[in-house]
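Peer 1: Top line first, the protein sequences correspond to chains L, W, H and A.
Position 94 of the first sequence, counting from 1, maps to 94 under the numbering used here, and the rest follow consecutively.
Each number in the numbering used here comes from the position in the second sequence (counting from 1) with 150 added on.
Each number in the numbering used here comes from the position in the third sequence (counting from 1) with 300 added on.
Each number in the numbering used here comes from the position in the fourth sequence (counting from 1) with 383 added on.
Positions of the beta carbon are idealized from the N, C-alpha and C atoms, including for glycine.
Predicted model only: the values in this text are computed from it and were never measured.
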Amino acid sequence: MTAITIRVQQEPFDFGAECAQFAKGRQDTGAVVTFCGIVRDHEDAALEMMEIEHYPGMTERALDKIARDAATRWSLTEVLILHRYGPLTPGERIMMVATASAHRAEAFAAADFLMDYLKSRAPFWKKETTRTGSDWVAAKDSDEAALSRW
Amino acid sequence: MTAITIRVQQEPFDFGAECAQFAKGRQDTGAVVTFCGIVRDHEDAALEMMEIEHYPGMTERALDKIARDAATRWSLTEVLILHRYGPLTPGERIMMVATASAHRAEAFAAADFLMDYLKSRAPFWKKETTRTGSDWVAAKDSDEAALSRW
Amino acid sequence: MKLDILYFAWLRERIGLPRETVETDAPTVAALVEELRAREERYALAFSDLAAVRVAIDQELRDFDASLEGAREIAFFPPMTGG
Amino acid sequence: MKLDILYFAWLRERIGLPRETVETDAPTVAALVEELRAREERYALAFSDLAAVRVAIDQELRDFDASLEGAREIAFFPPMTGG
Numbered sequence: 001m002t003a004i005t006i007r008v009q010q011e012p013f014d015f016g017a018e019c020a021q022f023a024k025g026r027q028d029t030g031a032v033v034t035f036c037g038i039v040r041d042h043e044d045a046a047l048e049m050m051e052i053e054h055y056p057g058m059t060e061r062a063l064d065k066i067a068r069d070a071a072t073r074w075s076l077t078e079v080l081i082l083h084r085y086g087p088l089t090p091g092e093r094i095m096m097v098a099t100a101s102a103h104r105a106e107a108f109a110a111a112d113f114l115m116d117y118l119k120s121r122a123p124f125w126k127k128e129t130t131r132t133g134s135d136w137v138a139a140k141d142s143d144e145a146a147l148s149r150w
Numbered sequence: 151m152t153a154i155t156i157r158v159q160q161e162p163f164d165f166g167a168e169c170a171q172f173a174k175g176r177q178d179t180g181a182v183v184t185f186c187g188i189v190r191d192h193e194d195a196a197l198e199m200m201e202i203e204h205y206p207g208m209t210e211r212a213l214d215k216i217a218r219d220a221a222t223r224w225s226l227t228e229v230l231i232l233h234r235y236g237p238l239t240p241g242e243r244i245m246m247v248a249t250a251s252a253h254r255a256e257a258f259a260a261a262d263f264l265m266d267y268l269k270s271r272a273p274f275w276k277k278e279t280t281r282t283g284s285d286w287v288a289a290k291d292s293d294e295a296a297l298s299r300w
Numbered sequence: 301m302k303l304d305i306l307y308f309a310w311l312r313e314r315i316g317l318p319r320e321t322v323e324t325d326a327p328t329v330a331a332l333v334e335e336l337r338a339r340e341e342r343y344a345l346a347f348s349d350l351a352a353v354r355v356a357i358d359q360e361l362r363d364f365d366a367s368l369e370g371a372r373e374i375a376f377f378p379p380m381t382g383g
Numbered sequence: 384m385k386l387d388i389l390y391f392a393w394l395r396e397r398i399g400l401p402r403e404t405v406e407t408d409a410p411t412v413a414a415l416v417e418e419l420r421a422r423e424e425r426y427a428l429a430f431s432d433l434a435a436v437r438v439a440i441d442q443e444l445r446d447f448d449a450s451l452e453g454a455r456e457i458a459f460f461p462p463m464t465g466g
């Protein structure tokens, strides 16, 4: 059985505390992989704000399904997906995933899989505000193509 | 330029604090991947201790070389490798790596690469003590084979 | 039947509201989209390129030819950009 | 020449010491290993299967046919098991 935790929240999260707590003290876990997404400034330093919109209800369902799919494909002891919404500024942490497994390769593959699916199967939309205006971030064809890896 | 940190130490490390501090507040970083290796108990719950021996001097050089190789292959803003030696008990954290990049795929690939090389190119040796005796952990052929992925 | 229709991201902005309730007999999502397009210019604009629109029925991603039978909540939105 | 020789893990245990200084004219690692093997049974035992032994010259991994010219510190150890 995989312990799955899904959290969708507006407030900041404490990445360090989440990492410290995740799979803590488990003796059946040999490997933990974490990923954290951060609001990155544009090369021309023009990003003032990133706003994340989501679909309450569907978001939690979609994330739970992605986590359960990962737990079916790999032998995982724990999975965490945490994603924020609302306004964020450059340098702020947007989201994280964490995977725990007996073995390294499974923890890595599962974290990579979670990110690929989260990116184009969970109902989040990013809007960027720069000095010159606001626009929605376009999905990349490569994001959709990445799903065929799995 | 990639900020590289290498630490080899006997004392425990605070995985949460390391994750919290790593690439903190950087606006050029969009993705952080961390890996943590944990002493895992045997299926038959017989592991009492894991002792890690290393080659002081060469260890730091080897880890620094692996980190620099990763920074050459991928565009990374920060790399951390931290590895303990000495006696450890099941559930204790052995080591961690962390990679920061503008982009997710690079952070993932670099962390995976660091682990593959660290596993069979850094001078650490594990000895396990179970209820029935002590023995050195044998390297796996698959560990050496994994290097050909890169 | 009565359907709750939700719009997100630029679809919400173009249509000018986050949700509405409509009375419709459309058998499929595609038919519903045709009805909406016929209503007003802002709908026609929002749904002008369906390749850029995704749809969920009762919070599950579906295709445009999916049946609306038994559906209660339909959501339209652009391709997702989480992570 | 004088060489510091270090042993790690089961090589250290079989030989019974972590380091020693030897006086040798061996031109290569392989020649040095032959000299060590000829010394005592415990060395012969430790170096009985070179496929299971790795060598570093001055803290860099090298092959057994590597030259010892200019070398100061030679380390022998099993395949590494970090991570």
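In terms of residue numbering, what span does the alpha helix (DSSP H) encompassing Arg337 (chain H) cover?
Peer 2: Arg337 (chain H) -> alpha helix (DSSP H) spans 329-339.
Peer 1: Quick one: which residues of the segment 97-130 of chain L get their C-beta closer than 8 Å to a C-beta of chain W? List them in chain order.
Peer 2: Correct list: Ala102, Arg104, Ala107, Phe108, Ala111, Asp112, Met115.
Peer 1: Report the neighbours of Ala458 (chain A) on chain W: residues whose CB is nearer than 9 Å to its CB, in chain order.
Peer 2: What Ala458 (chain A) touches in chain W: Tyr205, Met208, Pro273.
Peer 1: Quick one: which residues of the segment 160-194 of chain W get their C-beta closer than 8 Å to a C-beta of chain A? List them in chain order.
Peer 2: Under the 8 Å Cβ criterion, the segment 160-194 of chain W contributes Gly187.
Peer 1: Here's a check: name, in chain order, each residue in its chain whose Cβ is nearer than 7 Å to the Cβ of Met95 (chain L), leaving out the five neighbours to either side.
Peer 2: Counting only Cβ-Cβ distances below 7 Å, and skipping sequence neighbours, we find Gly37, Leu82, His83, Arg84.
Peer 1: Take Val8 (chain L) as the anchor and find which of L:Glu92, L:Glu128, L:Glu60 has the nearest alpha-carbon.
Peer 2: That would be L:Glu60, whose Cα lies nearest to the Cα of Val8 (chain L).
Peer 1: Cβ of Val158 (chain W) less than 7 Å from any chain A Cβ?
Peer 2: No, no contact with chain A.
Peer 1: Per DSSP, which residues does Thr249 (chain W) bridge with? Please list them.
Peer 2: Answer is W:Val183, W:Val229, bridged to Thr249 (chain W).
Peer 1: By DSSP's criteria, Phe377 (chain H) is part of a beta bridge. Which residues make up the other side?
Peer 2: Answer is H:Arg354, bridged to Phe377 (chain H).
Peer 1: Can you give me the C-alpha to C-alpha distance between Glu417 (chain A) and Leu394 (chain A), rounded to a whole angstrom?
Peer 2: Looking at the two C-alpha atoms, the distance is approximately 15 Å.
Peer 1: Measure how close the beta-carbons of Tyr267 (chain W) and Ile216 (chain W) come, nearest whole angstrom, since I'm counting them as under 8 Å.
Peer 2: Correct: roughly 4 Å between the Cβ atoms.
Peer 1: Taking beta-carbon pairs under 8 Å, can you tell me which members of the segment 232-245 of chain W lie near chain L?
Peer 2: Here the close residues are Pro240, Gly241.
Peer 1: Suppose you measure from the CA of Ile154 (chain W) to the CA of Leu230 (chain W); what does that come to, to the nearest Å?
Peer 2: Rounded to whole angstroms, Ile154 (chain W) to Leu230 (chain W) spans 6 Å at the Cα level.
Peer 1: Specify whether the segment 176-195 of chain W and the segment 407-417 of chain A touch according to this definition: at least 3 beta carbon pairs, one from each stretch, less than 8 Å apart.
Peer 2: These segments do not touch.
Peer 1: Which residue's Cα is closest to the Cα of Thr455 (chain A): A:Thr407, A:Ala421, A:Met463, A:Thr464?
Peer 2: In the sequence as displayed, the identity of residue 455 (chain A) is Arg instead of Thr. When each option's Cα is compared against that of Arg455 (chain A), the closest is A:Thr407.
Peer 1: Compare the C-alpha of Gly175 (chain W) against each of L:Ala138, L:Phe15, L:Ala71 and name the closest.
Peer 2: The residue with the shortest Cα to Cα distance from Gly175 (chain W) is L:Phe15.
Peer 1: Going by beta carbon distance, what residues of the same chain come within less than 8 Å of Ala196 (chain W), once the five residues before and after it are set aside?
Peer 2: So the qualifying residues of the chain are Thr280, Arg281, Thr282.
Peer 1: Quick check on the burial criterion: 16 or more other C-beta atoms within 10 angstroms. Buried or exposed for Glu78 (chain L)?
Peer 2: Flag for Glu78 (chain L) reads buried.
Peer 1: Applying a beta-carbon distance threshold of less than 7 Å, which residues of chain L neighbour Thr381 (chain H)?
Peer 2: The contacting residues are Phe124, Trp125, Lys126, Val137, Ala139.
Peer 1: What does Arg61 (chain L) reach in chain H if we use C-beta pairs closer than 9 Å?
Peer 2: Here the neighbours are Gln359, Glu360.
Peer 1: Given this structure, state the Cα-to-Cα distance separating Pro273 (chain W) from Pro240 (chain W), to the nearest angstrom.
Peer 2: If you take the alpha carbons of Pro273 (chain W) and Pro240 (chain W), they lie about 22 Å apart.
Peer 1: Please identify the residue among L:Glu48, L:Ala98, L:Met1 whose C-alpha is closest to the C-alpha of Asp135 (chain L).
Peer 2: For Asp135 (chain L), the nearest C-alpha among the options comes from L:Glu48.
Peer 1: Do three or more CB pairs link the segment 69-76 of chain L to the segment 98-113 of chain L at distances below 8 Å?
Peer 2: Judged by Cβ distances under 8 Å, the segment 69-76 of chain L makes contact with the segment 98-113 of chain L, as three or more pairs qualify.
Peer 1: Just to make sure I have the definition right: I need the residues of chain L whose C-beta is within less than 9 Å of the C-beta of Pro378 (chain H). Which are they?
Peer 2: The answer, in chain order, is Trp125, Trp136, Ala138, Ala139.
Peer 1: Using 7 Å as the limit for Cβ to Cβ distance, is Ala309 (chain H) near chain L?
Peer 2: Yes, contact with chain L.
Peer 1: Please report the straight-line C-alpha distance between Phe172 (chain W) and Phe22 (chain L), rounded to a whole angstrom.
Peer 2: Those two C-alpha atoms are separated by around 17 Å.
Peer 1: Does the CB of Ala429 (chain A) have a neighbour CB from chain W at under 7 Å?
Peer 2: Chain W contact via Cβ: absent.
Peer 1: With H, G and I counted as helix, E and B as strand and the rest as coil, what does DSSP make of Asp285 (chain W)?
Peer 2: It is a strand residue.
Peer 1: Could you give the residue range of the beta strand (DSSP E) that holds Met236 (chain L)?
Peer 2: The displayed coordinates of chain L run from 1 to 150. Any statement about residue 236 (chain L) would go beyond what the structure contains.
Peer 1: Rounded to whole angstroms, what is the Cα-Cα separation between Leu368 (chain H) and Lys302 (chain H)?
Peer 2: If I take the Cα positions, the gap works out to 11 Å.
Peer 1: Chain L partners of Ala356 (chain H), CB-CB under 8 Å?
Peer 2: Correct list: Tyr55, Met58, Pro123.
Peer 1: Whose CA, out of L:Gly57, L:Phe13, L:Ala70, lies closest to the CA of Glu106 (chain L)?
Peer 2: Comparing Cα-Cα distances from Glu106 (chain L) to each of L:Gly57, L:Phe13, L:Ala70, the minimum goes to L:Ala70.
Peer 1: In chain order, what residues of the same chain have a beta carbon less than 7 Å from the beta carbon of Pro401 (chain A), not counting five sequence neighbours either side?
Peer 2: Correct list, in chain order: Leu389, Tyr390, Arg395.
Peer 1: Starting from Leu114 (chain L) and walking both ways along the alpha helix (DSSP H), at which residues does that stretch end?
Peer 2: Where Leu114 (chain L) is concerned, the enclosing alpha helix (DSSP H) stretches over 104-121.
Peer 1: In the DSSP assignment, the beta strand (DSSP E) including Asp387 (chain A) goes from what residue to what residue?
Peer 2: Counting along the chain, the beta strand (DSSP E) containing Asp387 (chain A) begins and ends at 385-390.
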